[in-house]
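Chemist: If you scroll down you'll find the structure; I have some questions about it.
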Amino acid sequence: MRKLLPERWSDPAAYGAGWSERNERLLALLDASLPESAELDFSEYGCGPHAPFAAAVARADESAGRRPRLVRRFDRKRWDEGCGLVDFNEGRLDEAVSSAVGVLSGVLEYLDDPDAVLAFAARHHRWLLASYAPATTPPHKLNAYAAEIDRRAFHHGWRNHLSADAFVALISRHGFIIRTGLWKAQMLVLAQLADR
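Going by our numbering, the letters in the sequence shown line up with residues 189 to 384, in that order.
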């Protein structure tokens, strides 16, 4: 039950070390797709104490020998002076700022209203990098589907359970998908956003 509680995210142990690979893949998706990517700045939402996306950007920029790209970090807890406060489920968005790319890596599953968050992203960012672990069991197998939802909610603390089709439709309501990729059982997406 603890994983369903928002307080879970105040504990640095709640953040997986393997998440850095997901962020490296998201960044690689962007860098391989947008010729101007070396000039873009980012907002990493749900950065946690390790800020895996900011770390991936720093490593990539150093490896390429280019000037560091700016990554602003946001979370529901201020981990340090450089971390702004944003809590999408509580509507606390005052410290958010616009940047070229909004990053929601490992965040959407935990949101009460992912559609509202993507509308927010479309107002503040031109591009979106996102990951999502879709519910995969076909709904016509009700017992298996119910067990999957139970596992997603109880064991992971995920608050929504979109299928891959529903996830793509959700992103498409706020822009259009440029590229996709996979990391473990998660979809990775680069989308161009359109504030409507």
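Cβ coordinates follow ideal geometry from the N, Cα and C atoms, glycine included.
Please read all numbers here as calculations on a predicted model, not as lab measurements.
Nearest CA to the CA of H312: which residue from E232, R340 and E212?
Modeler: Considering only alpha carbons, the answer is E232.
Chemist: Over what stretch of residues does the alpha helix (DSSP H) that includes D263 continue unbroken?
Modeler: Per DSSP, D263 belongs to no alpha helix (DSSP H); it is in the beta strand (DSSP E), V259 to D263.
Chemist: Taking Cβ positions, are Y267 and A239 nearer each other than 9 Å?
Modeler: Note that residue 267 is Trp in the sequence shown, not Tyr. Contact: yes.
Chemist: Going by C-alpha distance, which of F230, R210 and A220 is nearest W315?
Modeler: For the residues F230, R210 and A220, the minimum Cα distance to W315 belongs to F230.
Chemist: Only counting runs of 3 or more residues, tell me where the beta strand (DSSP E) segments fall wholly within the segment 267-331, in order along the chain.
Modeler: Runs found: 271-273, 289-292 and 315-320.
Chemist: Opposite A243 in the DSSP bridges: which residues?
Modeler: Paired residue(s): none; A243 is not in a bridge.
Chemist: Could you tell me the alpha carbon to alpha carbon distance between N277 and E283, rounded to whole angstroms?
Modeler: Rounded to whole angstroms, N277 to E283 spans 15 Å at the Cα level.
Chemist: For D219 and V289, I'd like the C-alpha separation in whole angstroms.
Modeler: Rounded to whole angstroms, D219 to V289 spans 12 Å at the Cα level.
Chemist: Give a yes or no on whether the C-beta atoms belonging to K372 and R247 are separated by under 9 Å.
Modeler: No. Outside cutoff.
Chemist: Can you say whether S319 is buried or exposed, counting buried as having 16 or more other CB atoms within 10 angstroms of its CB?
Modeler: Label assigned to S319: buried.
Chemist: Would you mind sorting H362 into buried or exposed? The rule is 16 or more other CB atoms within 10 Å of its CB.
Modeler: H362 should be labelled buried.
Chemist: Give the C-beta separation of I366 and L350 to the nearest angstrom, bearing in mind that I take them to be a contact with Cβ-Cβ under 8 Å.
Modeler: Incorrect: roughly 20 Å between the Cβ atoms, too far for contact.
Chemist: Whole angstroms is fine: what's the gap from A341's alpha carbon to D301's?
Modeler: Approximately 15 Å between the Cα atoms of the pair.
Chemist: I need the straight-line Cα distance from L273 to G234, nearest angstrom please.
Modeler: Each residue's alpha carbon lies about 10 Å from the other.
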